[in-house]
Amino acid sequence: MIRQTTEAEEEDFSFYWKSCHQPEIKDLTQILRYISFYDAILTVRQCITANKEEQIQIEKQTKKKIFDLIVLPKFEILESEITNEELIPLVDELKKEWEKTIYVFSNFYKSHEVLFLGKEREYTLAINRILYSDMPEGRRKTLILKLLQDMKQQNKSTYQLFYYSKQNPWAASNLNEENYESKKFYLSLIEEWKVDPDFDPNQISSLKDFQFCLEEIPNSNQKIRILGFFGFFSDYGRFTTKDQTSFSQTNQTRIRYIRHSLFHSHHFQKRLENILISCKNSVQSVKEI
6 MIRQTTEAEE EDFSFYWKSC HQPEIKDLTQ ILRYISFYDA ILTVRQCITA NKEEQIQIEK
66 QTKKKIFDLI VLPKFEILES EITNEELIPL VDELKKEWEK TIYVFSNFYK SHEVLFLGKE
126 REYTLAINRI LYSDMPEGRR KTLILKLLQD MKQQNKSTYQ LFYYSKQNPW AASNLNEENY
186 ESKKFYLSLI EEWKVDPDFD PNQISSLKDF QFCLEEIPNS NQKIRILGFF GFFSDYGRFT
246 TKDQTSFSQT NQTRIRYIRH SLFHSHHFQK RLENILISCK NSVQSVKEI
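When you read off a place in the sequence shown, starting at 1, and then add 5, the result is the number in the numbering used here.
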């Protein structure tokens, strides 16, 4: 998930955006700001002082950046490429930690991220680079161990920050209020997704199961923090149709493409599976009390 922007940051973006007089760059930064707000500000600032030739380059670079940042790099362990038997158990452990990072810990509320799927993309690229680059096997092992340690520490920090911090996007003062706001946010997106023509029809059943499960959790339960699903809804909910109805027709077409791609992605499916499992476990714990 990406941290919320401040009022001052929004004012800065609005000022630079209005001062940029290249329509295509303005359109593209309207989308880029949902993926990387700071890249969007930098782009409209560059637009203001750029000449026509430079603006053409900025436009091309922005299109590429949007595509690069919405696509999670492909991750696949090619067993035939792992020739060192000593690395096989380490690679297996690395894959399991990667899956936890992408599909589980990404769903927690994190207030400091600045890029869409930022850490997830960073780790995927790092694994691919380490496994398939030409290097001495001793160095490869060292890098795998270092990356594995880094991922475990990152996931541990995410877990501790979520469970021992009272931070939340609504500045709610107590858990009851926080749970109410979390649930309202999720249910609003679910209702929109259920009728969205770009939503994957194969995921409708799981989405409805999650909705039913969520409604079973009492807001007043002091042992369940519903904010644990916020990362999932924040990531995929930022491209909702109601937020972009004022966009140009070209931009609305781009947003639909992005939404369709994300809803049909493997990471969306797996993250939905994990929040559903987590929700059902929470409901079961309520019944056992």
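Cβ coordinates follow ideal geometry from the N, Cα and C atoms, glycine included. Model, not experiment: these values are computed from the prediction.
Local conformation of residue i per DSSP, three classes
i      : result
Asp201 : coil
Cys25  : coil
Arg261 : helix
Arg126 : helix
Gln227 : coil
Thr255 : helix
Ala131 : helix
Glu81  : coil
Leu120 : coil
Arg50  : helix
Ser178 : coil
His269 : coil
Phe113 : coil
C-beta atoms of residue i and residue j nearer than 8 Å
i      : j      : result
Ile87  : Ile36  : no
Gly233 : Ser193 : no
Gln9   : Gln60  : no
Tyr43  : Val119 : yes
Ile195 : Gln227 : no
Ile149 : Leu219 : no
Glu142 : Asn89  : yes
Thr34  : Trp22  : yes
Asp32  : Ser253 : yes
Cys52  : Ile40  : no
Lys45  : Phe18  : One detail in the question is off: residue 45 reads as Ala in this sequence, not Lys. In this structure, Phe18 lies closer than 8 Å to Ala45 by Cβ.
Run of the alpha helix (DSSP H) containing residue i, from where it starts to where it stops
i      : result
Lys68  : 57–75
Ile93  : 93–108
Tyr164 : 142–169
Phe238 : 235–242
Gln216 : 209–221
Ile40  : It is not in any alpha helix (DSSP H) - Ile40 carries neither H nor E in the DSSP assignment.
Test: residue i CB closer than 8 Å to a CB of chain C
i      : result
Leu153 : Given the protein chain composition of this structure (a single chain), no chain C is represented.
Neighbourhood of residue i by C-beta, 6 Å cutoff - its chain only, sequence neighbours within 5 removed
i      : result
Tyr108 : Lys275, Arg276, Asn279
Cutoff 8 Å; reference residue i; Cβ partners in own chain excluding five residues on either side
i      : result
Glu102 : Leu153, Met156, Lys157, Asn160
Arg205 : The amino acid occupying residue 205 in the given sequence is Asp; Arg does not appear at that position. Closer than 8 Å at the Cβ level, and outside the excluded window around Asp205, lie Phe268, His269, Phe273, Gln274.
Cβ neighbours of residue i in the same chain (closer than 7 Å, five flanking residues each side left out)
i      : result
Gly236 : Met6, Ser111, Asn112, Phe113, Tyr114, Lys115
Thr163 : Phe110, Phe113, Lys115
Thr245 : Leu194, Glu197
His117 : Arg8
Tyr191 : Leu219, Phe234, Phe238
Q: Could you say if the segment 123–130 and the segment 60–70 meet the contact criterion of at least three C-beta pairs nearer than 8 Å?
A: no
Q) For the segment 128–136 against the segment 182–190, are there 3 or more C-beta pairs whose distance is under 8 Å? A) The segment 128–136 makes no contact with the segment 182–190: fewer than 3 CB pairs, one atom from each, lie closer than 8 Å.
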